[in-house]
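Data first, discussion second: the structure below is written as C-alpha cells.
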Amino acid sequence: MVIQFLRAAAVAAVVVTGLTAGTGTTADDAYAAGEPAPAPPAPAAPAKSPVGALFANGSHFCTASVVHSNTGDVVLTAAHCVRDGMSFAPGYHDGIAPFGMWTVTGVAVADGWTSSADPDLDFAFLTVQQAGNPASLESVTGANVLGVNRGFTHRITLTGYPDTTDSPVVCEGDTTRSDTFQMRVACPGFPDGTSGGPWVTDGAVIGVIGGYQLGGATPDVSYSAYFDDDIAKLYASVSG
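Below, the structure written as C-alpha cells:
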C-alpha cells in the first residue's frame, strides 16, 4: 500500500509540473500534438544481498549467506539446519524473494558432525542453482569471503530470520571466546530461525549462529563454532 501511494504521488507531480525537458512544453501538450508519451523510468534493481532465508515445505526455518567461491554457487549455514528439500531466498524481506528461489543441490558437512553432532563443527556449505538461470548466485547477490583463524574478538554484524517474521533482524555486537572452539555474542532478539545467520566483519564471515546449544538457549546470546582449519578443509571441497 505504501508503494502504491508513492507511485501515485509521483504521477501527480508529473502532471502538475511536467515540462518536457528542453522544450518548455508540458507532457500533455506533447501528447496532444501526437508525440509519444515519455517512457516510465525502469524499476530499480534490488540491492545486492548475500544473506537470505532457508526454506523447506513452504516456510523459512533457518538463515544462510553466500560465500565467495570460484563456482559462485556456495552458501554457508549451520549444520543443524540441514534437511531435505531446501531452497534459499537471498535478500528475502516482507514476504518477497527479490532474486527468486535457489534450489539446494548439494550439502557438505564435516565428518565429526555426521558421526556425533560435534558442536565445534556446526557449519555446512550448500551448493545451489536456479532453474533456467545461467548466472551464478554470487554474480547477482554478491558474497562475503570466508574468514578462517581470525581470532575470537571482533566487532560483527549479525543477521538472521526469526521463524515468526518475514524480514531479518540485524545487530552489531562484540564477540568473545566462550570455549576452546566456541565464540559468543550478546545480541537481543535472535530466536529460532536465526540459526545459520552470518557473523560478518570487514566483509568476512567468521561464524554462523550454531555450535553450543545449537546457537544458544536464549534469543539474546548467540554462539558459533570457531572457524579454523576444519572449516577451511570443508570449504576447499566445495569452492571449485
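Quick note, the sequence shown lines up with residues -21 to -1, 1 to 219 if you use mature numbering (1 follows the signal peptide of the UniProt record, and there is no 0). We put the beta carbon where it would ideally sit given N, CA and C, even for glycine.
How should residue i be labelled, buried or exposed, when 16 other C-beta atoms within 10 angstroms of its C-beta is the threshold for buried?
i: Asn49; result: exposed
i: Ser174; result: buried
i: Gln161; result: buried
i: residue 244; result: Residue 244 is absent from the model: the chain starts at -21 and stops at 219.
i: Thr138; result: buried
i: residue 220; result: Here the chain covers residues -21 to 219 and nothing more, so residue 220 does not appear.
i: Thr154; result: buried
i: Tyr202; result: buried
i: Ala26; result: exposed
i: Thr106; result: buried
i: Pro113; result: exposed
i: Ser146; result: exposed
Can you give me the C-alpha to C-alpha distance between residue i and residue j, rounded to a whole angstrom?
i: Phe206; j: Val88; result: 13 Å
i: Phe34; j: Ala57; result: 14 Å
i: Asp73; j: Gly168; result: 18 Å
i: Glu117; j: Val200; result: 30 Å
i: Asn123; j: Ala43; result: 11 Å
i: Pro177; j: Thr136; result: 8 Å
i: Val179; j: Val119; result: 19 Å
i: Pro141; j: Asp171; result: 6 Å
i: Met(-21); j: Ile75; result: Since pLDDT at Met(-21) reaches only 30, below the 50 mark, its modelled position is unreliable, and the value read off the structure follows with that caveat. Cα-Cα distance, rounded: 15 Å.
i: Gly37; j: Val46; result: 24 Å
i: Ser218; j: Ala32; result: 21 Å
i: Pro98; j: Val30; result: 23 Å
i: Tyr10; j: Ser115; result: Below a pLDDT of 50, predicted positions are generally treated as unreliable, and Tyr10, at 47, falls in that range; no measurement from the model is reported.
i: Asn128; j: Asp208; result: 7 Å
i: Gly79; j: Ala68; result: 6 Å
i: His59; j: Trp92; result: 9 Å
i: Phe104; j: Ala215; result: 10 Å
i: Asp63; j: Asp90; result: 18 Å
i: Gly111; j: Asp52; result: 15 Å
i: Gly126; j: Leu100; result: 15 Å
i: His39; j: Ala204; result: 23 Å
i: Val184; j: Ser157; result: 18 Å
i: Thr143; j: Cys41; result: 11 Å
i: Gly1; j: Gly189; result: Any reading at Gly1 must be qualified, since the residue scores a pLDDT of 40, below 50, and its modelled position is unreliable; no value is offered.
i: Pro198; j: Cys150; result: 12 Å
i: His133; j: Gly186; result: 11 Å
i: Pro77; j: Val148; result: 18 Å
Short check: CB of residue i to CB of residue j, under 8 Å?
i: Gly152; j: Cys166; result: yes
i: Ile210; j: Phe102; result: yes
i: Ser95; j: Trp81; result: no
i: Gln108; j: Thr84; result: yes
i: Val86; j: Val61; result: yes
For residue i, write down the residues that DSSP places opposite it in a beta bridge.
i: Trp178; result: Leu137 and Gly186
i: Asp153; result: Arg134
i: Gly85; result: Thr106
i: Asp158; result: Gln161
i: Ser203; result: Met162
i: Val148; result: Gly139
Unbroken alpha helix (DSSP H) runs of length 4 or more, entirely within the region 95 to 142: which are they? Counting only runs of at least 4 residues, the region 95 to 142 fully encloses the following alpha helix (DSSP H) elements, listed from N- to C-terminal order: 116 to 120.
Every unbroken beta strand (DSSP E) inside the region 17 to 83 [3 residues or more]: Correct list: 30 to 35, 38 to 45, 53 to 56 and 66 to 69.
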